[in-house]
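Here the structure is laid out as structure tokens; the discussion comes afterwards.
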Amino acid sequence: MIFVFSENPDVELELLTKGRELAEKAGTELSTLSFSEDGANDLIKYGADVAFLTEKPPEFYSEVYTDLIASLAEKYDLDTILIGGTKRGKETAPRIATRLEVGSAPDCFDLDIEDGGLIVKRRVYSGNSVATEKYEKKPQVATVPPMTFEKAEKDESRTGKIEKFEFTAKPVGKSIKGLKEKSKEGIKIEDAIYVVSGGRGVKAKGDFSLISQLAEAIGGEVGCSRPIASDLKWLSEDHWVGLSGHKVKPKIYIACGISGQVQHLAGMRDSGTIVAINKNSDAPIFKVADYGIVGDLYKVVPKLAELLKK
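In our numbering, the protein residues as written are 2 to 311.
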């Protein structure tokens with residue numbers, strides 16, 4: 002049985018899409034976890050065959066969810082466990098694998114079934130190479146980054162089984178004293194349909210108004226490379242696109258004055274269409290771009306924004 006889970010509802014639906022495909026290829030059932038009967042019925046309509054139903058732990062602690070999912074794996078003989086690669090998921094998946102004494106593969110962008118075994122691909126060395134890995138033991142544990150697959154479509158005619166599962170969370174020796182929402186500038190850049198990013202080619206903080214004007218012209222969000230947010234502090238980290246920042250997957254990504262170092266490419270390489278604007282014709286960004294404009298962004302970007310506004 003294949004099992005998928007994420008505390009993020011959108012990522013859960015993305016996992017159900019791939020999980021459904023893998024389950025049909027392996028000739029097995031697809032299962033997931035829910036904390037309400039209505040939620041369980043919904044997940045079945047989105048592709049699950051079995052929805053395990055239990056009481057929701059009061060807080061998300063990786064230790065508690067490790068106990069919960071490891072208990073499910075042992076009782077129901079789960080042979081593949083796919084966890085959403087969110088911050089919490091990345092903490093929980095390796096704990097589950099350690100508890101079950103099996104391997105865990107992080108940040109997998111491609112998954113397949115061969116001879117009943119899971120084959121995963123993930124980028125390594127900051128995206129310079131792709132590792133193809135096969136498991137030696139089951140259950141096979143992997144995390145899948147958000148936006149790797151499309152969300153599952155709801156099928157009102159689907160039926161499945163709701164399996165009630167008794168679970169009592171053990172004390173973890175800590176408690177949450179308070180939560181403070183982090184201030185956001187606009188929407189989450191990960192959710193943007195169009196992103197216009199600026200890099201070190203932008204000479205001054207005030208010049209980011211050019212990037213903003215182009216983003217506004219296409220109804221998009223402003224992004225940036227690592228130096229802009231981390232070193233210069235011209236923009237908040239909410240705008241940072243890259244391996245250590247945010248991973249984006251917009252329909253259109255426009256990189257202005259960004260050379261295209263692997264750290265940045267790792268955060269935007271899955272964009273639908275990539276447009277690069279750079280005065281250096283040898284910039285690495287042009288190797289991944291669908292369209293490239295060799296020119297000074299101070300001349301190109303205003304002209305492009307003007308044309309798009311029309």
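Cβ atoms here follow ideal geometry from the backbone N, Cα and C, with glycine treated the same way. These numbers come from a predicted model, not from an experiment.
Burial state of TYR126, where buried means 16 or more other Cβ atoms lie within 10 Å: exposed
Host beta strand (DSSP E) of ASN279 (start-end): 274-279
Those residues which DSSP pairs with GLU35 across a bridge: The question names Glu, yet the displayed sequence has Ser at residue 35. In the DSSP assignment, SER35 forms a beta bridge with LEU54.
Neighbour flag for VAL295 against chain D, beta carbons, 8 Å: No chain D is present in this structure, which holds just one protein chain.
In chain order, each beta strand (DSSP E) run of at least 3 residues that lies wholly inside the region 113-158: 118-125, 130-135 and 141-145
For LEU83, the residue or residues it bridges with in DSSP: Beta-bridge pairing links LEU83 to VAL5 and ALA143.
Opposing strand residues paired with HIS247 [DSSP bridges]: VAL242
SER158, buried or exposed, once every other Cβ within 10 Å from all chains shown has been counted against 16: Taking a 10 Å sphere around the C-beta of SER158, we find fewer than 16 other C-beta atoms and assign the residue as exposed.
Status (buried if at least 16 other CB within 10 Å, exposed otherwise) for ALA27: buried
CB of GLY142 within 8 Å of CB of ILE114, strictly: This sequence places Val at residue 142; Gly is not what is there. Contact: no.
Backbone secondary structure at GLY179 - three-state DSSP: coil
Limits of the unbroken beta strand (DSSP E) element including ILE253: 253-257
DSSP-derived helix/strand/coil call for VAL295: Residue state, collapsed to three classes: strand.
DSSP bridge partner residues for TYR1 (one or two, in chain order): This structure cannot speak to residue 1, because the chain is shown only from 2 to 311.
Burial state of VAL131 (16 or more Cβ within 10 Å): exposed
Cα-Cα separation between ASP50 and THR81, rounded to whole angstroms: 15 Å
Cα-Cα separation between GLU64 and LEU298, rounded to whole angstroms: 49 Å
Start and end residues, alpha helix (DSSP H) containing HIS229: According to the sequence as given, residue 229 is Ile; it is not His. First-last for ILE229: undefined, no H or E at that position.
Per DSSP, the bridge partner or partners of ILE163: ALA52
Start-to-end residues for the alpha helix (DSSP H) that takes in GLU25: Residues 10-27.
Whether ILE286 touches ILE259 by CB criterion (8 Å): yes
Beta-ladder partner(s) of ASP111, from DSSP: LYS122
Pairwise C-alpha distance: SER7 and ALA306: 39 Å
GLY90, enclosing alpha helix (DSSP H) - first and last residue: 88-101
Pairwise C-alpha distance: THR55 and GLY246: 34 Å
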